[in-house]
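Protein chains: 2
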Amino acid sequence: MSLSQQYREALLNDVIPFWQQHSVDTQYGGFLTCLDRQGRVFDTDKFVWLQARQVWTFAMLYNRLEQRPDWLATAVHGAEFLKKHGRSADGSWYFSLTREGRPLVQPYNIFSDCFATMAFGQLSLATGSDEQAQLAATTFRHILARRHQTKGQWNKAVAGTRPLKNFALPMILCNLALEIEHLLDKPLVEQTIDECIHEVMDVFYDPASGLIRENVTPDGKGSDSFEGRLLNPGHAIEAMWFIMDLAVRRNDRALLDRAVTITLDTLQYAWDEPFGGILYFMDAGGHPPQQLEWDQKLWWVHAETLISLLKGYQLTGNPACWAWFERVHAYTWSHFPDPGHGEWFGYLNRRGEVLLPLKGGKWKGCYHVPRALFQCWQTLGKIEQVALPR
Amino acid sequence: MSLSQQYREALLNDVIPFWQQHSVDTQYGGFLTCLDRQGRVFDTDKFVWLQARQVWTFAMLYNRLEQRPDWLATAVHGAEFLKKHGRSADGSWYFSLTREGRPLVQPYNIFSDCFATMAFGQLSLATGSDEQAQLAATTFRHILARRHQTKGQWNKAVAGTRPLKNFALPMILCNLALEIEHLLDKPLVEQTIDECIHEVMDVFYDPASGLIRENVTPDGKGSDSFEGRLLNPGHAIEAMWFIMDLAVRRNDRALLDRAVTITLDTLQYAWDEPFGGILYFMDAGGHPPQQLEWDQKLWWVHAETLISLLKGYQLTGNPACWAWFERVHAYTWSHFPDPGHGEWFGYLNRRGEVLLPLKGGKWKGCYHVPRALFQCWQTLGKIEQVALPR
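Chains as they are written, first to last, in my numbering: chain S, 618 to 1007; chain F, 618 to 1007.
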């Protein structure tokens, strides 16, 4: 079996069926994402991030791979639940809901809105629904309006003492602008992309270390504080394939090369030499981070890294991308998939042993694994057409 | 060296000198608590919990052990900084401050107020200062007024959907009411103690499992949700020595016996048989908890457990308390202290290896270790007067 076939098989015959079989809530709508090793539901809370991401995944496969009616039906099933229960009075998206759809946690987290935008934007491409398209476009404008005060009343930082901006939003906007390009005016798309590339590659990128910081001052300086020293290598590497996609779109070879370099430098820095795998959090000063989970190996970090390395190799031919891909691929496939019961474990300890035996929870749903399998399969297909490196 | 001497030596010749030498900020006042393995400052943020707890520790040793002028000076040094910088306009205590004392994180966390009450209450006993006494009493009344809405505007839960109350506040009020007894009307003290004992031993205690839950519904029922299933064994065991102190005060043997039973049952449940040590978080249904740090071994959990076991043994003679004490003592002393550089490590992984090499940070300061060393030394002294068990 070729590498591209390996990723294809896992996507179509393991991961997607796992979520179709176990997560669809036929009683109340939406998805049950807290699934144990066997796929049994162990908690029924519904997290808007994961509801929306699963809608997006099924709609994306429908749009980009094959128009399977059951995939579309699954996406619509989740979207109906979200549309009915997901928004607060001002149009912001709640963070979580009960199984029945009653709001549990307030819209303190703007990424609920980001993933809702992705979900309805992608689904509207499949259905042609104006209502879905409007919901995506409205939510996107709402995100742009809230982007400098994302936490609203729930912001615990005292204004003015140590203002910092966070990497996650510009990073996601890079991807989101392309996701809903069909719903936006062209100037807004290009302006958003310009701003995001600048933020990610010039503002959050630190030339001294060659790494991307999670938080910087409003004028892009480093902050010698826990937040300012924080590194999230998986986050930085994930952003690099969004940037590579934008570099392709703009035919910008210099941008592409910079994204590849940052991918490789980050991976070199964050690879856990004694035990293998990529560390979850680090402190740029080498100090103890606040995150007690800093040394764990998370599924999404490894899945996103595989995408960045393959895109980097396919687009530039840089042999270091392929060498690192082989290493990360070997670690990932020998640690995360669960052949006995399907899908991937999400949380391993530093030694690569399973820390939590869940397949889905508050943060892990039907998103990073299928997206990475799809992206890697497609990219490997292109690489294999030329010939694999020896 | 006897056991009581071992605890005394560690307190007086290792832990207290460590904090006196490394944490006093002679430039800006207050304490620097982010200390690396060697005691060097790696971050200068000042967390109100830890500022207040260190004031309390030094004042308590001055009041209860010996009137050393340097201990009192250290306590006053921290109290002056807190008094000057710690409160917001409405009298609530900020969560954190910059080194200079500018507010960083809003008063979203009522435990800042609890520890400030302890600090100023204990210090007022040493100094006789009316101002300190008033500050403690005012803050205590403020806590009682806020006790059902502790997070204020920063509460992310949607009101009414799944109301839950948390164990931490009644647990701490048990202890706090005794701490500032000298500042309160007797009826308020007795009423607070009555309510706290009832909450801890009847409401949060679950007779079906024999364990204490972290969160229950307003009428004391279990909630089959992540929060409702959460167990924090160290928290429950710590509360049991507060209850034992109250049982002694009230001469209530039945209450004492229940506290000992809960201590032993919790420890039996949470002891990590393959690797030793007490797990940090568990799910009462055996499901994966949300806390990625669930399997770690934390200094305070073990320190507090030693106190509860020794008090349980000293007060009841229950041999299971002594057997467990020997086991927890052996684990604790072979894993947490750092003979090379002093004080204790705070965070170990499941295997008992050091996860973060810090001696102090955002949550670890001069509190649990010295308090436990003092309490264990005193209690072991009483036990040794009778004769150690064979």
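Glycine is no exception: its CB is placed at the ideal position from the N, C-alpha and C atoms. Here the structure is a predicted model, which means the values were calculated and not measured.
I'd like to know if Thr834/S contacts chain F, where contact means its C-beta is closer than 8 Å to some C-beta of that chain. No, Thr834/S lies away from the interface with chain F (no Cβ there is under 8 Å from its Cβ).
Supposed contact pair Glu816/S and Asn832/S - C-beta distance, whole angstroms, cut 8 Å: The Cβ separation is near 12 Å, so there is no contact.
Among the candidates Leu909/F, Thr755/F, Gly703/F and Arg779/F, whose CA atom is the shortest distance from the CA of Leu915/S? For Leu915/S, the nearest C-alpha among the options comes from Leu909/F.
On the DSSP letters alone, give me the boundaries of the alpha helix (DSSP H) that Asp631/S sits inside. Going by DSSP, Asp631/S is part of no alpha helix (DSSP H) at all; its letter is neither H nor E.
Output needed in chain order: residues of the region 949-982 of chain S with a Cβ under 8 Å from some Cβ in chain F. Among the residues of the region 949-982 of chain S, those with a Cβ less than 8 Å away from any Cβ of chain F are Tyr964, Asn966, Arg967, Leu972, Leu973, Pro974, Leu975, Gly978 and Lys979, in the order of the chain.
Does the distance from the C-beta atom of Trp911/F to that of Tyr897/F stay below 8 Å? It is a contact, given that the beta carbons lie within the stated cut-off.
With distances taken between CB atoms, is the gap from Phe892/F to Gly957/F smaller than 8 Å? No, these two residues do not count as a Cβ contact at 8 Å.
Counting Cβ pairs, one atom from each stretch, are 3 or more of them under 8 Å apart for the region 747-757 of chain S and the region 726-738 of chain S? With the cut-off at 8 Å, the region 747-757 of chain S and the region 726-738 of chain S touch.
Arg988/F CB to nearest chain S CB: under 8 Å? Interface annotation, Arg988/F: not in contact with chain S, CB-CB separation never under 8 Å.
Candidates Gly903/F, Phe664/F, Asn849/F and Ser713/F: which alpha carbon is nearest Asn783/F's? Checking every option, the nearest Cα to that of Asn783/F belongs to Asn849/F.
Give me, in chain order, the residues of the same chain whose beta-carbon lies closer than 7 Å to that of Val632/F; leave out the 5 immediate sequence neighbours on both sides. Glu960, Val986, Pro987 and Leu990.
Can you tell me where the alpha helix (DSSP H) holding Pro936/S begins and where it ends? It spans Pro936 to His952 - the alpha helix (DSSP H) in which Pro936/S sits, taken as one unbroken run.
Mind checking if Thr650/S is an interface residue toward chain F, Cβ cutoff 8 Å exclusive? Judged by the 8 Å Cβ criterion, Thr650/S is not in contact with chain F.
By how many angstroms is the C-alpha of Trp666/F removed from the C-alpha of Met788/F? Here the alpha carbons of Trp666/F and Met788/F stand approximately 16 Å from one another.
Taking 8 Å as the CB-CB cut-off, is Val918/S touching chain F? Taking a beta-carbon distance threshold of 8 Å, Val918/S does not count as an interface residue toward chain F.
Using 8 Å as the threshold, is the region 971-985 of chain S in touch with the region 645-662 of chain S, meaning 3 or more CB pairs across them? Taking one beta carbon from each stretch, the region 971-985 of chain S and the region 645-662 of chain S have 3 or more pairs nearer than 8 Å; the two touch.
Starting from Pro850/F, trace the alpha helix (DSSP H) both ways and give me its first and last residue. That run of the alpha helix (DSSP H) goes Pro850 to Arg867.
So the candidates are His639/S, Ser951/S and Ser746/S; which of them puts its Cα closest to the Cα of Gly894/S? Among His639/S, Ser951/S and Ser746/S, the Cα nearest to that of Gly894/S belongs to Ser951/S.
Could you tell me which residues DSSP pairs with Phe589/F in its beta bridges? Residue 589/F lies beyond the stretch modelled for chain F, which goes from 618 to 1007, so this question has no answer here.
Can a CB atom of chain S be found closer than 8 Å to the CB of Val641/F? No - not a single Cβ of chain S is within 8 Å of the one on Val641/F.
Contacts that Ala774/F makes with chain S (C-beta to C-beta distance below 9 Å): Contact of Ala774/F with chain S by beta-carbon distance below 9 Å involves Leu721, Val722 and Gln723.
For Trp961/S, the residue or residues it bridges with in DSSP: Pro954/S, per the DSSP bridge assignment.
Could you tell me the boundaries of the beta strand (DSSP E) in which Gly973/F lies? First, the amino acid is wrong: residue 973/F is Leu here, not Gly. Going by DSSP, Leu973/F is part of the beta strand (DSSP E) stretching over Val971 to Leu973.
Determine whether the beta carbon atoms of Gln723/S and Trp771/S lie at a separation below 8 Å. Taking C-beta atoms as the reference points, Gln723/S and Trp771/S count as a pair closer than 8 Å.
For Leu909/S, which residues in chain F fall below 8 Å Cβ to Cβ? Result: Leu909, Glu910, Gln913, Tyr964, Leu972 and Leu973.
Would you identify the three-state DSSP class for Gly845/S, choosing helix, strand or coil? Gly845/S falls in the helix class under three-state DSSP.
How many whole angstroms separate the CB atoms of Val945/F and His904/F, which I take to be in contact at a CB cut-off of 8 Å? The C-beta distance from Val945/F to His904/F rounds to 27 Å, too long to meet the 8 Å contact threshold.
Measuring CB atoms only, is the region 876-884 of chain S touching the region 927-942 of chain S, in the sense that at least three cross pairs come out at less than 8 Å? Taking 8 Å as the limit for Cβ pairs, the verdict is that the region 927-942 of chain S does touch the region 876-884 of chain S.
Find the nearest neighbour of Phe698/S within the set Met861/S, Phe664/S, Leu678/S and Thr674/S, judged by alpha-carbon distance. It is Phe664/S.
Identify the contact partners of Arg779/S in chain F, using a Cβ-Cβ distance below 8 Å as the criterion. Chain F residues near Arg779/S: Thr715 and Leu721.
Using a threshold of 8 Å, state whether the C-beta atoms of Thr674/F and Gln637/F are closer than that. For Thr674/F and Gln637/F, no; Cβs fall outside 8 Å.
Does DSSP classify Arg704/F as helix, strand or coil? Of the three classes helix, strand and coil, the one that applies to Arg704/F here is strand, per DSSP.
Cβ-based neighbour list, Ser705/S, same chain, cut-off 8 Å, excluding 5 preceding and 5 following: The residues are Tyr711, Pro720, Gln723 and Pro724.
CB of Leu997/S within 8 Å of CB of Leu926/S, strictly: Result no, Cβ atoms of Leu997/S and Leu926/S do not sit closer than 8 Å.
By the DSSP assignment, the beta strand (DSSP E) with Leu721/S in it spans what residues? Its beta strand (DSSP E) spans residues Pro720 to Val722.
Beta-carbon proximity of Ile854/F to Met818/F, cut-off 8 Å: Their beta carbons are not under 8 Å apart, which means Ile854/F does not touch Met818/F by this criterion.
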